[in-house]
Amino acid sequence: MSDEMVNVRYMVDDVQEAVDFYTTHLGFELRSSAAPAFADVTRGRLRLLLGGPKSSAGRPMPDGTRPGPGGWNRIHLIVDDLAAEVDRLRTAGLSFRNDIVTGPGGSQILLLDPSGNVVELFQPAAR
Numbered sequence: 388m389s390d391e392m393v394n395v396r397y398m399v400d401d402v403q404e405a406v407d408f409y410t411t412h413l414g415f416e417l418r419s420s421a422a423p424a425f426a427d428v429t430r431g432r433l434r435l436l437l438g439g440p441k442s443s444a445g446r447p448m449p450d451g452t453r454p455g456p457g458g459w460n461r462i463h464l465i466v467d468d469l470a471a472e473v474d475r476l477r478t479a480g481l482s483f484r485n486d487i488v489t490g491p492g493g494s495q496i497l498l499l500d501p502s503g504n505v506v507e508l509f510q511p512a513a514r
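Rendered as structure tokens:
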């Protein structure tokens, strides 16, 4: 059971742009692509399913609502040096939803992917 993939779906505006973002900046590897409708990328046991507007996951609900990107749900990636990671990503021109916040468990910041989905970068507190 421990070697099974953990699957998370993100709706994205542009599948190829999302693939480029996750593989270039966050260490994911492309698993498969049916762009522009769908692709999936992996990092360790995390499989991120990227569904575009033309994917089956992008079809309207019975009430007409269309699934879309954004919101507050997020994947959570642990980093060794949060400040250095933030500097690296800002230098690459990426956007954040907030500044680094620190609590009893560690420090975090919310990175935005090209479609507005949130990726939490987290550095655990020193123990």
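Read left to right, the sequence shown gives residues 388 to 514 (this note's numbering). Where is the CB? At the ideal position from N, CA and C, for every residue including glycine.
Shown here, D474 sits in a helix according to DSSP, grouped into three states.
In the DSSP secondary-structure assignment, S420 is bridged to A426.
In the three-state DSSP reduction, V399 falls in the coil class, being neither helix nor strand. Distance from the CA atom of K441 to the CA atom of L497, rounded to whole angstroms, is 27 Å.
Beta-carbon to beta-carbon, V399 and G439 are separated by about 6 Å, close enough to satisfy the 8 Å threshold.
Annotation for G438: the continuous beta strand (DSSP E) segment containing it runs L433 to G438. Under the three-state reduction of DSSP output, E391 falls in the coil class, being neither helix nor strand. DSSP places V466 outside any beta strand (DSSP E), giving it a letter other than H or E. Going by beta carbons, V395 and L437 fall outside the 8 Å limit. A Cβ-Cβ separation of about 4 Å places Q510 in contact with L469 under the 8 Å criterion. In this structure G503 touches P456 by the C-beta definition: roughly 5 Å separates them, less than 8 Å. Under the three-state reduction of DSSP, G445 is assigned to helix.
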